[in-house]
Structure formats: C-alpha cells, structure tokens
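Only one structure is covered here, and it is reproduced in the block below.
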Amino acid sequence: METYRLDYVSPIGILEIVGTETAIHSILFVERTDVRFEADEMTPDVLKTCHREIDEYFNGRRHAFTFPFEVEGTVFQQDVWQALVMIPYAETTSYRELAVRLGRDRAVRAVGSANGRNRLSIVIPCHRVIGSNGTLTGYAGGLWRKEWLLRHEQTNAYSSLAKKHLPLHI
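Heads up: the sequence shown begins at -12 in the working numbering, then just goes up one per residue.
In structure tokens:
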C-alpha cells in the first residue's frame, strides 16, 4: 500500500504526518524548518482530515481526534498506548500510575520505553506522562515541546470551562 506524507506547521515545529489511503501511521516532529510535503490532489482524505484536526488542536478547538490510525507494536506497547489515549485532555499521570493502571506495577521502565516508541505524537498523548515527583521527563520531541503542549492544553481547558460558566448579562 502506498505511503503519503503531509507536513503541518505547528507553533512548536513541523509535524510530519505519514499514512496510507485508509489510516495515519505516524505524526512526528521533524527537525527542519522547510515544508516538504503539502496537500495536493493525490493526498488522501485521511491525511487532510488529520491535518485539519491537528490544526484545530493547536487552535484550542479540539481535545480528541476522530481520524483512523494504526500503530504497530507488541501487545504490551499497544496496551500502554491505549492507556495513554485514556488520559483526559489537560491532565497528567506518571509512568508509575500508568504501570499500576495496566496491572504491571513493576513495569515502570517498560511503560516509559513503550511511551518513547509512540509514533503518533499528540494523538496518543505521551506528553501527558510525567515523573512520579511531578517533573517533566522524556519526550522524543524535546522537553520544551512537552512543556508547551501541557501548558497549551491547560490554558485551553481552563478557557473552555470558563466560557461554559460565564454569567449572562442582560
């Protein structure tokens, strides 16, 4: 099956979206400043949808993703990635808490390793996993990006909540 690429220019760098006609396979930060892959008539709809939803995320209008994606990994890695998807927007958990949630209390390092092998940045939100002591640890895109993403989500979650509870002025 043919693979397609599409770049998304985010406020914290270029994300390269890779997929087929039916699913997204990776969304990773790339260390370059030039856009190499732009949408054209050959770009599958799933990549265009992913691009749009990532844009909505960065603009504070999206907290979850709907496009189809596929990830390859061991059963344990798949379990970790599924647990990551369950971490609510703008919240964090620790590697230890994740291991406990998976019923693998002693697998903290393995959870960290699986987290590091995640190829769907933001969509499988590995940036929401922090150290047990509350510090930011490990992020393939760089800790500064992890910090930015967490602040972005917290700001937008607060903003969304405030909008829902604004008093009416008549």
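Just so it is clear, CB atoms sit at the ideal spot from N, CA and C, and this is done for glycine as well.
Cβ neighbours of Pro(-2) in the same chain (closer than 7 angstroms, five flanking residues each side left out): Translated into the one-based positions of the sequence shown, residue -2 becomes position 11. If we look at Pro(-2) and ignore the five residues flanking it on each side, its Cβ neighbours are Phe45.
Where the alpha helix (DSSP H) containing Asp92 begins and where it ends: Stepping through the sequence shown from its first residue, residue 92 is reached at position 105. Counting along the chain, Asp92 falls outside any alpha helix (DSSP H), and DSSP gives it neither H nor E.
Does the contact criterion of 3 or more C-beta pairs under 8 angstroms hold for the region 7 to 27 versus the region 75 to 94? no
Is the region 92 to 105 touching the region 56 to 69 in the sense that three or more CB pairs, one from each, lie closer than 8 angstroms? yes
In chain order, what residues of the same chain lie with their CB nearer than 7 angstroms to the CB of Glu28, ignoring the 5 residues before and after it? Walking along the sequence shown from the start, residue 28 turns up at place 41. Taken in chain order, the list of residues that qualify is empty.
Between Ala144 and Ala51, how many whole angstroms is the CB-CB distance? I'm expecting something under 8 angstroms. Along the sequence shown, read from residue 1 onward, the residue named residue 144 stands at position 157. Along the sequence shown, read from residue 1 onward, the residue named residue 51 stands at position 64. Under the criterion of beta carbons closer than 8 angstroms, Ala144 and Ala51 do not qualify as touching, at roughly 12 angstroms.
Pick out the complete alpha helix (DSSP H) segments inside the region 47 to 129, 4 residues or longer, and give them in chain order. 62 to 72, 82 to 88, 95 to 103
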